[in-house]
Amino acid sequence: MSLGEKIFKLRKEKGLSQEALAEQVGTTRQAISKWENDQGFPETEKLLRLSNIFEVSTDYLLKDEKTVKDSEEHGYYVSKEMSVSFIANQKKLGRYLAIGTMLCIFAGIPYTLFSHDMAWRYLGMAFCLVAGIVCFVIAVFCEKQEYSILKQEPLLFDYEYLKELRNEYRMKKKKYVIVAIPCTVLFIVGLIFFAFTMKGYLLWIEYHSLAFFALAVGMLGFVYTINVMEAYELLIRNEQYSTSFFFKLKRKIKKSLE
1 MSLGEKIFKL RKEKGLSQEA LAEQVGTTRQ AISKWENDQG FPETEKLLRL SNIFEVSTDY
61 LLKDEKTVKD SEEHGYYVSK EMSVSFIANQ KKLGRYLAIG TMLCIFAGIP YTLFSHDMAW
121 RYLGMAFCLV AGIVCFVIAV FCEKQEYSIL KQEPLLFDYE YLKELRNEYR MKKKKYVIVA
181 IPCTVLFIVG LIFFAFTMKG YLLWIEYHSL AFFALAVGML GFVYTINVME AYELLIRNEQ
241 YSTSFFFKLK RKIKKSLE
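Rendered as C-alpha cells:
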C-alpha cells in the first residue's frame, strides 16, 4: 500500500473530508488530493502532522506494504464488477432517454412538412410521439433497482480500482466533450431559428423541419452524454455527493422510516 493509499484509507477511517484534513494539516484540498493519488509527497512537517492526526507512526506511513481494504470502513462496498455493470446500465438507460427525446422533437418535422395535408401531418406527429413515449417507458424498466443503493449510501472502492476508474472517467470526458460541443451548437442554432420565427422575423416554412432536426440531434447527444457522465461522477465523486445536504437529509428520512 502506497503513502497515498494510506492517507486515503486513514482519512476515511477518521471520517474526514479532504477539506477538513487539509485544514488540520495546514495545506489545501488540492494538495491532499495529489497526495492521495500519489502525484505529490508531503513535506516532513506535514508528514508529522498526518502522523499525529491519524495516530500512526511516520514509519507506518512511509513503509510500503500491501494490505487488504479495511472492512471496518463505513459505507457500501462497490466491486469492480458492480461498477462496470452500473455504468453499462446507465449507458443503456441514456440511449433510450436520448432516443425518446429525439423522437418527440422529430414530431415537429411532419408538422412543418405537411402543412397542407392534415392527415399526414397528424399521423407523422402521432408516430413520433408514440415512438418517443415507448422509449421512455423502456428506459424506466431498464433502470435496475439493485443500483439504487449507490445513490443512498457512501461508497467504498478498492483504491487501485478507484484510480483506474478516475483515469477512465478522464478519457471518457474528453471523448464526450467532442460530442457535446457540436450537439450544443446544433441545439442553440435550432433555438435561435425558432426565436426569430416567434418574433416575426421569419415565417413558418418547410425549412423549419431542419431546425427541428438540429434540436433533436443536439438533444440526442446532450442527454446521452450527461447521463453517462453523471454515472461516472456518482462513483468517483461520491465523497462530495454523500456529504451534500440533500444526501444527508434523505438518509435521515430513510432511517426514521425504518
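So that you can map any letter, position 163 of the sequence shown is 163 in the UniProt record's numbering, and since no number is skipped, the others follow by simple counting. By construction, the Cβ of each residue, glycine as well, lies at the ideal position given by its N, Cα and C atoms.
query	result
Would you mind sorting residue 167 into buried or exposed? The rule is 16 or more other CB atoms within 10 Å of its CB.	exposed
What's the call for residue 170, buried or exposed, on a 16-neighbour Cβ count within 10 Å?	exposed
Ignore the nearest five residues each way along the sequence and tell me which others in residue 195's own chain have a CB closer than 6 Å to its CB.	none
Please go through the same chain and pick out, in chain order, the residues whose beta-carbon is closer than 7 Å to the beta-carbon of residue 238, but skip the five residues on each side of it.	154 and 155
Straight-line CA distance for residue 138 to residue 160?	35 Å
How far does the alpha helix (DSSP H) with residue 110 in it reach, from first residue to last?	108-113
Along the chain, where does the alpha helix (DSSP H) that runs through residue 166 open and close?	159-198
Would you list the one or two residues that DSSP bridges to residue 155?	76
Report the CB separation of residue 144 from residue 89 in whole angstroms; it is logged as a contact under 8 Å.	6 Å
Does the stretch 74-88 touch the stretch 182-191, meaning 3 or more C-beta pairs lie closer than 8 Å?	no
Applying the 10 Å Cβ sphere with the 16-neighbour rule, what's the burial state of residue 83?	buried
For residue 211, I'd like the list of residues in its chain whose CB is within less than 7 Å of its CB, leaving aside the five on either flank, ordered along the chain.	190, 193 and 194
Just how far apart, CA to CA, sit residue 182 and residue 118?	34 Å
Could you give the DSSP three-state label for residue 96: helix, strand or coil?	helix
Would you report the Cα separation of residue 174 and residue 229, rounded to the nearest angstrom?	11 Å
Find the nearest neighbour of residue 62 within the set 93, 21, 28 and 41, judged by alpha-carbon distance.	41
I need the DSSP call for residue 17, collapsed to helix, strand or coil.	coil
According to DSSP, simplified to helix, strand and coil, what is residue 71?	Caution applies to residue 71, whose pLDDT of 40 falls short of 50 and renders its modelled position unreliable; the model cannot decide the point.
So the candidates are 46, 4, 34 and 54; which of them puts its Cα closest to the Cα of residue 16?	54
Is it right to say residue 200 is buried, meaning 16 or more other beta carbons lie within 10 angstroms of its own, or is it exposed?	exposed
Only counting the same chain, and skipping five residues up and downstream in sequence, which positions put a Cβ closer than 8 Å to that of residue 165?	83, 157, 232, 235 and 236
Between 96, 109 and 59, which has its C-alpha nearest residue 134's C-alpha?	96
With DSSP run on the structure shown, which of helix, strand or coil describes residue 40?	coil
Tell me whether the beta-carbon of residue 111 lies closer than 8 Å to the beta-carbon of residue 102.	no
In this structure, does DSSP put residue 237 in helix, strand or coil?	coil
Which whole-angstrom value is the C-beta distance of residue 114 and residue 128, which I expect to be below 8 Å?	So it is not a contact: roughly 12 Å between Cβ atoms.
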